[in-house]
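Visitor: Per this note's numbering, the sequence shown starts with residue 3, numbered consecutively.
Every residue, glycine too, gets a C-beta built ideally from N, C-alpha and C.
Note that the structure is predicted; figures quoted are calculated from it, not measured.
Can you keep this structure in mind? I'll have questions shortly.
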Amino acid sequence: MFPTYRSYFYTDLRTLLLFGGWIQLKATPSWNTTSIKTLAAIGYVVFICLMGQLKSVLLFKNRAEFKKLILDLDQKLFRPIKLIEEQLVNNTFAFFWKIKTALIVVSYISVTSLLLIPLFYEREQGLPIQAWYPFNESLTPNYQIVYVHQAIAIYYISSINIYVDVIVAGLCTFIGLQCDLLCQRLENVGEYGTEKEIKKDFVDCINHHYTIIEFLQTTENVFGQIYFGQIFASTIALCMDLFLLSLTEPTTFEFFYLVVYQLAISNLLFVPCWFATEMTRKSENIPNAAYSWHWIDLSISFKKELIIFIRRSQHPLKLYAANFFELSVQTFLTIFRSSLSYYAVLSNLNMEE
3 MFPTYRSYFY
13 TDLRTLLLFG
23 GWIQLKATPS
33 WNTTSIKTLA
43 AIGYVVFICL
53 MGQLKSVLLF
63 KNRAEFKKLI
73 LDLDQKLFRP
83 IKLIEEQLVN
93 NTFAFFWKIK
103 TALIVVSYIS
113 VTSLLLIPLF
123 YEREQGLPIQ
133 AWYPFNESLT
143 PNYQIVYVHQ
153 AIAIYYISSI
163 NIYVDVIVAG
173 LCTFIGLQCD
183 LLCQRLENVG
193 EYGTEKEIKK
203 DFVDCINHHY
213 TIIEFLQTTE
223 NVFGQIYFGQ
233 IFASTIALCM
243 DLFLLSLTEP
253 TTFEFFYLVV
263 YQLAISNLLF
273 VPCWFATEMT
283 RKSENIPNAA
293 YSWHWIDLSI
303 SFKKELIIFI
313 RRSQHPLKLY
323 AANFFELSVQ
333 TFLTIFRSSL
343 SYYAVLSNLN
353 MEE
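See below:
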């Protein structure tokens, strides 16, 4: 018995539900400084924290569409029909589970390292996030209370960031999987039966393709605005993290944390971009699959319908951030190049100080 598709996302959805509250750091970041290093030390974390809050707000705003998206996972047309299709589903999600696990582990190592940094230095040197409080946070028990507050807030916000990206990557994996299933079904349409039976199977494939497009549109409605902000926040965070790395001694724990943080932020953006690119690549196989089956002996009217479907399916499926940026590996590389450019600007400004 094939399980529901929702079962593959059960842990991710439950974790997102647990950490989905809008929690913010009650402290005000201490932007009142002329030091570029201090600004970078604040900014590389704060922008990502703000993204966690933005994701929470936008998911709450689009909660009806998000719920519909999850329910639509188990539509009849999406479910595997044959044993070979079940094997394809299991193999696809087994691969995704490995990538997801690696991403979550690296991300939480980064979060834990951030919280441990103050333990490797004198207490008065600061908290995990430099901030201004309306009282002296260096005194006991003020310091312990503030530290615990920041730790809880950082874990909550990080969990929102991590699991939103995991779910987006999973949805792109799901859409790519449906493109693979559709290709298999199209290639088998003309194997047997009368033209009437063949046409029935072909209509099912058309409906399947239309349902995939609708599912992608709903995904974009829910997560498009989120990723528009994510691209901006990731660019700033990567730039400032690179700048801090260039100023930190390689033998310190802080250097280790900044390296892991760089990997975490890069992967949180790269993994959804990579799966979105794979989704696009798989959708490009649909017109080839529609053309490859035995349609030569069918009627002229059927051939015209096939031409219309092939023409429609030649538009590859793409996920956009607020209808502006395409979520793809090319976009990720553009973001990384931009981060390097901004890093060079910060380095020059720091040398002038």
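What residue ranges within the stretch 258-313 form continuous alpha helix (DSSP H) runs of no fewer than 4 residues, ordered along the chain?
Guide: The qualifying runs are 288-294.
Visitor: Is Thr221 close to chain B? Criterion is C-beta to C-beta, closer than 9 Å.
Guide: Absent from the structure is chain B; it holds one protein chain and no more.
Visitor: For Val393, which of Trp297, Phe277, Ile302 and Thr114 has the nearest alpha-carbon?
Guide: Look at the range of the chain in this structure, 3 to 355, and you will see that residue 393 is not part of it.
Visitor: Looking at Ile156: is its Cβ nearer than 9 Å to the Cβ of Leu117?
Guide: Going by C-beta atoms, Ile156 is nearer than 9 Å to Leu117.
Visitor: Is the stretch 223-242 touching the stretch 94-106, taking contact as three or more C-beta pairs under 8 Å?
Guide: No, they do not touch.
Visitor: Out of Glu251, Tyr293, Ile233 and His210, point me to the one whose CA is closest to Phe80's CA.
Guide: When each option's Cα is compared against that of Phe80, the closest is His210.
Visitor: With contact counted as at least three CB pairs below 8 Å, one residue from each stretch, are the stretch 233-242 and the stretch 264-273 in contact?
Guide: Touching, yes, given that three or more Cβ pairs across the two stretches are closer than 8 Å.
Visitor: Measure how close the beta-carbons of Asp76 and Tyr7 come, nearest whole angstrom, since I'm counting them as under 8 Å.
Guide: About 5 Å separates the two Cβ atoms, so the contact holds.
Visitor: What span of residues does the alpha helix (DSSP H) with Asn64 cover, start to end?
Guide: Per DSSP, Asn64 belongs to no alpha helix (DSSP H) and is neither H nor E.
Visitor: Thinking C-beta only, is Leu265 closer than 9 Å to Ser115?
Guide: Contact: no.
Visitor: Where does Ala324 fall in DSSP's three states?
Guide: Correct three-state label for Ala324: coil.
Visitor: Classify Phe137: buried if its beta carbon has 16 or more other beta carbons within 10 angstroms, exposed otherwise.
Guide: Phe137 should be labelled exposed.
Visitor: If we count Cβ pairs, one from each stretch, closer than 8 Å, do we get three or more for the stretch 275-290 versus the stretch 177-191?
Guide: Counting Cβ pairs under 8 Å, three or more are found: they touch.
Visitor: Pick from Phe68, Ile310 and Gln55: whose alpha carbon is nearest that of Leu218?
Guide: Checked all of Phe68, Ile310 and Gln55; the closest Cα to Leu218 is Phe68.
Visitor: Count the other CB atoms, across all protein chains shown, that sit within 10 Å of the CB of Gly195; report buried if there are 16 or more and exposed otherwise.
Guide: Gly195 should be labelled exposed.
Visitor: For a quick check, are the C-beta atoms of Ala239 and Val47 less than 9 Å apart?
Guide: Yes, the pair counts as a contact, with Cβ atoms nearer than the cut-off.
Visitor: Following the continuous alpha helix (DSSP H) through Asp76, name the residue where it begins and the one where it ends.
Guide: Premise fails: Asp76 is in no alpha helix (DSSP H) and is neither H nor E.
Visitor: For Gly195, name the three-state secondary structure that DSSP assigns.
Guide: Gly195: coil per DSSP, three-state reduction.
Visitor: Considering only their Cβ atoms, is the gap separating Ala292 from Phe304 smaller than 9 Å?
Guide: Result no, Cβ atoms of Phe304 and Ala292 do not sit closer than 9 Å.
Visitor: Put Leu141 into one of helix, strand or coil per three-state DSSP.
Guide: Correct three-state label for Leu141: coil.
Visitor: Between the C-alpha atoms of Ser301 and Lys63, what's the straight-line distance to the nearest angstrom?
Guide: If I take the Cα positions, the gap works out to 50 Å.
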